[in-house]
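Asker: One structure, pasted below without further comment.
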């Protein structure tokens, strides 16, 4: 879990024990505190953030460079602090283990508590734990400071409110024996019920962001997995650019490297520029050595290949967030242990990826076409983590390879966007997890309706309606009202066609009374009402020039073509299903000929069926069942 540096520090510095909250039970943690004392304890969460709570038991503490740990002297130990922090630690662990707060909240509150205590030490309140009265006095001053900064505009509402609440809410954790009913100090930051709504990103912004991230992921992943040697070219934004082993890895038309880079590298050819200046001559030969080192064994994760991996990995995180619509915490919490997974059918045009991690089943739903990208990411992840044990699906890859690899950190998309704007595309759009989730809500509602959106996003219809309040009013009204108009529309159609019954391949005017068409000259199966494929050869079968019926027929054709790919031979398929396929094509052609407008509509539906697998429910379910039982792949 920890780097060689951290392990070395723990060996050299006595009096620090890191307790991993995620790996020990509440009883084990309490027993450990009893054994070593709170003054030696530092807590670590599953996100590998560390809070050295024991360091606050001492009068003076000295930061160990590059870590969240402190070195303290035994003679600086203060008994009153030990007692108060012991109470806080046990209450905090109880809250985490009983589900009252998450480890993420524990980390956030610990950070705020640390800031409060540090402020107290510097402002004459180092004795705040001597008594509950003194602590309340300290908290009151700190609360007033937070309020003043809020009114001055230095703190936003959330920052000021959290600083006031954390310092007060932990009072009874520090002093569990206190019987006085303390009230929050005044003045309080006024409660703010409103919030800044996240706007749905523009379609062109999402297209630009996804497009570039997809190119980065595909290009850099291919280079790493295939062992390309420096320099090499990748396609970004419609052009091929040379990638060199340098911090500023390429020169695109939308971002200009600094002179210190362009003076050494000729980015248009991927070569080094001959140098005459003494300082640049040294850098020139260092660059030659770097190229030789990077190309010596392309399968080894060197400094610059590690950076390529980080670019590819983080770009895929944005692609994944856009395709799944999952929020940031859900993505960070995805575990990955054995590497075994299965892809099972979901709603039309989508697949669900499932696997087990420990005792939990993890899953997410993605578009069918995104499955290949996910499998490519798993190959990249395997390449990057060959010598490391990482138990989360996504990881934080440090820029320097020797630093600690951890689970994905917060704000990964913001940091990725900053990097792309700095090195590749200055106009790269700002895209957050919430914006991408809202965009997917928007897309699903427009393309599939509110019911499918609710199933895929695993959200209630009310939640989707609430999310849609961030969209344009006309769009929101149109899409949400469409769902509530669905029942009345279906009722009208039912009245209009009360003498016909809808079936998966079209409509039937006499259900239960199948009669073979007289004009059929081929050897076909006798029509039966239990097999909707044979309905095509029944006297009572009808098809209308409607989007619904043409989608039924195109879905049937898609189903037959899928069967064809699994048949023993083309001759066998033709023998069993040739006449049916011809009949489907004949009916579709007749429907297309009704008008030019309907022919264009049929073209659009055909694209949706064959490109995006948006089938009618019956044929989609039948196809999914065949895949599930192993009859088809």
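Residue numbers (our numbering): 3 to 635.
Just so it is clear, CB atoms sit at the ideal spot from N, CA and C, and this is done for glycine as well.
Predicted model, so just to flag it, every value in this text is computed and none were measured.
Counting pairs of beta carbons, one from the stretch 62-78 and one from the stretch 24-39, are three or more of them closer than 8 Å?
Answerer: Taking 8 Å as the limit for Cβ pairs, the verdict is that the stretch 24-39 does not touch the stretch 62-78.
Asker: Return the bridge partner residues of residue 73 from the DSSP annotation.
Answerer: Looking at the DSSP assignment, residue 73 forms a beta bridge with 64.
Asker: How is residue 577 classed by DSSP in three states: helix, strand or coil?
Answerer: If DSSP states are grouped into helix, strand and coil, residue 577 belongs with the helices.
Asker: Please report the straight-line C-alpha distance between residue 187 and residue 348, rounded to a whole angstrom.
Answerer: Cα to Cα, the separation comes out at about 53 Å.
Asker: Can you give me the C-alpha to C-alpha distance between residue 124 and residue 59, rounded to a whole angstrom?
Answerer: Looking at the two C-alpha atoms, the distance is approximately 15 Å.
Asker: Does the stretch 202-210 come close enough to the stretch 146-161 that 3 or more CB-CB pairs lie under 8 Å?
Answerer: Judged by Cβ distances under 8 Å, the stretch 146-161 makes no contact with the stretch 202-210, as fewer than three pairs qualify.
Asker: Less than 8 Å between the beta carbons of residue 537 and residue 505, yes or no?
Answerer: Contact: yes.
Asker: If distances are taken between C-alpha atoms only, which option among 566, 583, 582 comes closest to residue 575?
Answerer: Among 566, 583, 582, the Cα nearest to that of residue 575 is on 566.
Asker: Looking at residue 141 and residue 176, is the spacing between their C-beta atoms short of 8 Å?
Answerer: Result no, Cβ atoms of residue 176 and residue 141 do not sit closer than 8 Å.
Asker: What residues in its chain sit with their C-beta under 8 Å from that of residue 362, if we drop five residues either side in the sequence?
Answerer: Within the same chain, residue 362 has close Cβ partners 337.
Asker: If we count the other Cβ atoms within 10 Å of its Cβ and call it buried at 16 or more, is residue 598 buried or exposed?
Answerer: Exposed, since its Cβ has fewer than 16 Cβ neighbours within 10 Å.
Asker: Would you decide whether residue 31 is buried or exposed? Buried here means 16 or more other CB atoms lie within 10 Å of its CB.
Answerer: So residue 31 counts as buried.
Asker: Taking the beta strand (DSSP E) that residue 504 falls in, what are its first and last residues?
Answerer: Residue 504 -> beta strand (DSSP E) spans 503-505.
Asker: Give the range of the beta strand (DSSP E) segment to which residue 45 is assigned.
Answerer: Run containing residue 45: 43-46, per the beta strand (DSSP E) assignment.
Asker: If you follow the alpha helix (DSSP H) that residue 325 is part of, which residue opens it and which one closes it?
Answerer: Its alpha helix (DSSP H) spans residues 305-326.
Asker: Please report how far the alpha carbon of residue 166 lies from the alpha carbon of residue 100, in whole angstroms.
Answerer: Between residue 166 and residue 100, the C-alpha separation is close to 24 Å.
Asker: What three-state label does DSSP hand residue 396 in the structure shown?
Answerer: Here residue 396 sits in coil by DSSP.
Asker: State the beta-bridge partners of residue 50 as determined by DSSP.
Answerer: Answer is none; residue 50 lacks a bridge partner.
Asker: Out of 554, 502, 559, 577, state which residue places its alpha-carbon closest to the alpha-carbon of residue 542.
Answerer: Of 554, 502, 559, 577, the residue nearest in Cα terms is 502.
Asker: Counting along the chain, where does the alpha helix (DSSP H) carrying residue 283 start and finish?
Answerer: 280-298 is the span of the alpha helix (DSSP H), which, as asked, contains residue 283.
Asker: I need the DSSP call for residue 612, collapsed to helix, strand or coil.
Answerer: DSSP places residue 612 in helix when its eight states are reduced to three.
Asker: By Cβ distance, which residues of its chain are closer than 8 Å to residue 549, with the 5 residues on each side in sequence left out?
Answerer: Once the five neighbours on either side are set aside, the close Cβ partners of residue 549 are 603, 607.
Asker: For residue 50, collect the residues of the same chain with a Cβ closer than 6 Å to its Cβ; drop the 5 residues on either side in sequence, then sort them by chain order.
Answerer: Contacts found: 408.
Asker: Within this structure, are the beta carbons of residue 437 and residue 203 separated by less than 8 Å?
Answerer: Yes, these two residues count as a Cβ contact at 8 Å.
Asker: Among 54, 371, 390, whose alpha-carbon lies nearest the alpha-carbon of residue 403?
Answerer: That would be 390, whose Cα lies nearest to the Cα of residue 403.
Asker: Could you check what DSSP says for residue 405 in three-state terms: helix, strand or coil?
Answerer: Three-state result, residue 405: coil.
Asker: Residue range of the alpha helix (DSSP H) that residue 515 falls in?
Answerer: Unbroken run through residue 515: none, as it is neither H nor E.
Asker: If I measure Cβ to Cβ from residue 551 and keep anything under 8 Å in the same chain, skipping five residues before and after, which residues do I get?
Answerer: Correct list, in chain order: 508, 509, 545, 593.
Asker: Taking the beta strand (DSSP E) that residue 366 falls in, what are its first and last residues?
Answerer: 362-369 is the span of the beta strand (DSSP E), which, as asked, contains residue 366.
Asker: Could you tell me the boundaries of the alpha helix (DSSP H) in which residue 175 lies?
Answerer: Start and end: 173-176.
Asker: Just how far apart, CA to CA, sit residue 286 and residue 248?
Answerer: About 12 Å.
Asker: Identify the continuous beta strand (DSSP E) that holds residue 359 and give its terminal residues.
Answerer: Here the beta strand (DSSP E) through residue 359 covers 352-359.
Asker: How many angstroms separate the CA atom of residue 369 from the CA atom of residue 615?
Answerer: Their backbone Cα atoms lie some 10 Å apart in a straight line.
Asker: Using only alpha-carbon positions, find the residue among 108, 554, 340, 227 that is nearest to residue 23.
Answerer: That would be 108, whose Cα lies nearest to the Cα of residue 23.
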